[in-house]
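Protein chains in written order, with my numbering: chain A, 1 to 303; chain B, 1 to 51.
A short write-up of the structure that comes next.
Shown next, in the form of structure tokens:
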């Protein structure tokens, strides 16, 4: 049977797998995890079904951001090897459907969050979606090499939203969790952007390695890892967590700084020789998981 | 004859369209069912909290 080219978006409704792919499920796990940690570390317990719904809404909000990001960046995605096979650049779906899906999912997640938990959490969820779509995707990302620095705030919202969903108010600890992710984002993304630099350059996205070069990026990675480590230690230094967290955060952050120092001393400009960058990128994901896991464990041990 | 008007291709496109519509309808039905159940339990939980 001859193969049929099924890439005409007008001819067919999108496959459900492509609709799911719009939500970027593979990057959603970190958002869900940090949101869950914000909820679990809060000093109150809410009914499990409300906690589940809060996390579901955070996941749906993140999915909406992914869909709106892919809707806006379809032309850029087509120019990068890493993203060219996504449903929109590959022509398996039309842009209008992606826009409708993203906007619909945004409203659904915000309203459900408000009904199930409280409207402050819903407002924070709305703020994070608006920040990601308008401030990061549309404004900062195509214009400045500092896009990740300010745009990182969008990814830092989930633990704050999780906490507020449980307690109904903002306090010091969730703001510190926000700061940890905010300061963690630049070294994490810059490590990645060093070894996929050519992709960003081809798409004309002014990521730091493209605009300022590899040496300046490595310096920035190292310097950002220092305040990030300080933020990670802050819950313990301010008496908001115990020694289990303090000791673990110190060791985990020290390893992060050592790996960032190795990146700093690597002179290579070839992706094939960027072992330290790849190691730091992989470790940075583990680091965030570990820091938040230990924080929750410490909080639960103290109860 | 252009590929778009080849009867074999037309038939396969129609089959594919129906398959996708069926899959999407099933998934939507499941999601709506799950949403109703979720709303029921949210209502029970919030009533219990006297909110």
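Virtual Cβ for every residue (Gly too), placed ideally from N, Cα, C.
Nothing here was measured: the structure is a model prediction, and the numbers come from that model.
Status (buried if at least 16 other CB within 10 Å, exposed otherwise) for residue i
i: residue 165 (chain A); result: buried
i: residue 43 (chain B); result: exposed
i: residue 251 (chain A); result: exposed
i: residue 14 (chain B); result: exposed
i: residue 31 (chain A); result: buried
i: residue 305 (chain A); result: Because chain A spans 1 through 303 in this model, residue 305 (chain A) falls outside it and cannot be assessed.
i: residue 3 (chain A); result: Legend: pLDDT at residue 3 (chain A) = 43, less than 50; position of this residue unreliable, value from coordinates given subsequently. Result: exposed.
i: residue 75 (chain A); result: exposed
i: residue 236 (chain A); result: buried
i: residue 158 (chain A); result: buried
CB contact below 8 Å: residue i versus chain B
i: residue 122 (chain A); result: no
i: residue 88 (chain A); result: no
i: residue 164 (chain A); result: no
i: residue 53 (chain A); result: yes
i: residue 25 (chain A); result: no
i: residue 49 (chain A); result: yes
i: residue 40 (chain A); result: no
i: residue 15 (chain A); result: yes
i: residue 229 (chain A); result: no
i: residue 12 (chain A); result: yes
i: residue 116 (chain A); result: yes
Straight-line gap, residue i to residue j (C-alpha atoms, nearest Å)
i: residue 20 (chain B); j: residue 24 (chain A); result: 21 Å
i: residue 20 (chain A); j: residue 153 (chain A); result: 25 Å
i: residue 291 (chain A); j: residue 82 (chain A); result: 29 Å
i: residue 12 (chain A); j: residue 169 (chain A); result: 47 Å
i: residue 304 (chain A); j: residue 16 (chain A); result: The shown model of chain A, from 1 to 303, leaves out residue 304 (chain A), and the question about it has no answer.
i: residue 29 (chain B); j: residue 187 (chain A); result: 43 Å
i: residue 10 (chain B); j: residue 14 (chain A); result: 17 Å
i: residue 46 (chain B); j: residue 124 (chain A); result: 21 Å
i: residue 48 (chain A); j: residue 140 (chain A); result: 38 Å
i: residue 218 (chain A); j: residue 280 (chain A); result: 11 Å
i: residue 204 (chain A); j: residue 211 (chain A); result: 10 Å
Three-state secondary structure assigned by DSSP to residue i
i: residue 54 (chain B); result: No information on residue 54 (chain B) is available, as it lies outside the stretch 1 to 51 that chain B covers here.
i: residue 304 (chain A); result: Nothing about residue 304 (chain A) can be read from this structure; chain A reaches only from 1 to 303.
i: residue 171 (chain A); result: coil
i: residue 44 (chain A); result: coil
i: residue 104 (chain A); result: helix
i: residue 243 (chain A); result: helix
i: residue 313 (chain A); result: Shown here, chain A extends from 1 to 303; a query on residue 313 (chain A) therefore has no answer.
i: residue 3 (chain A); result: Confidence at residue 3 (chain A) is low in this model, with a pLDDT of 43, below 50, so the placement of that residue is unreliable and no value is reported for it.
i: residue 270 (chain A); result: coil
i: residue 96 (chain A); result: helix
i: residue 117 (chain A); result: coil
i: residue 91 (chain A); result: coil
i: residue 205 (chain A); result: coil
i: residue 43 (chain B); result: helix
i: residue 31 (chain A); result: helix
Beta carbon proximity, residue i to chain A, threshold 8 Å
i: residue 16 (chain B); result: yes
i: residue 22 (chain B); result: no
i: residue 30 (chain B); result: no
i: residue 34 (chain B); result: no
For the pair the stretch 177-197 of chain A and the stretch 265-282 of chain A, tell me if three or more CB-CB distances fall below 8 Å. Output reads yes: the stretch 265-282 of chain A touches the stretch 177-197 of chain A.
Inter-stretch contact (C-beta, 8 Å, three-pair minimum) for the stretch 173-181 of chain A and the stretch 47-67 of chain A: No, they do not touch.
For the 8 Å Cβ check, are there 3 or more pairs between the stretch 194-201 of chain A and the stretch 156-170 of chain A? Contact between the stretch 194-201 of chain A and the stretch 156-170 of chain A is absent: fewer than three C-beta pairs spanning the two stretches fall below 8 Å.
Tell me whether the stretch 61-80 of chain A and the stretch 130-147 of chain A touch, counting them as touching only if at least three CB pairs, one residue from each stretch, are closer than 8 Å. Taking a cut-off of 8 Å on C-beta distances, the stretch 61-80 of chain A touches the stretch 130-147 of chain A, as three or more cross pairs fall below it.
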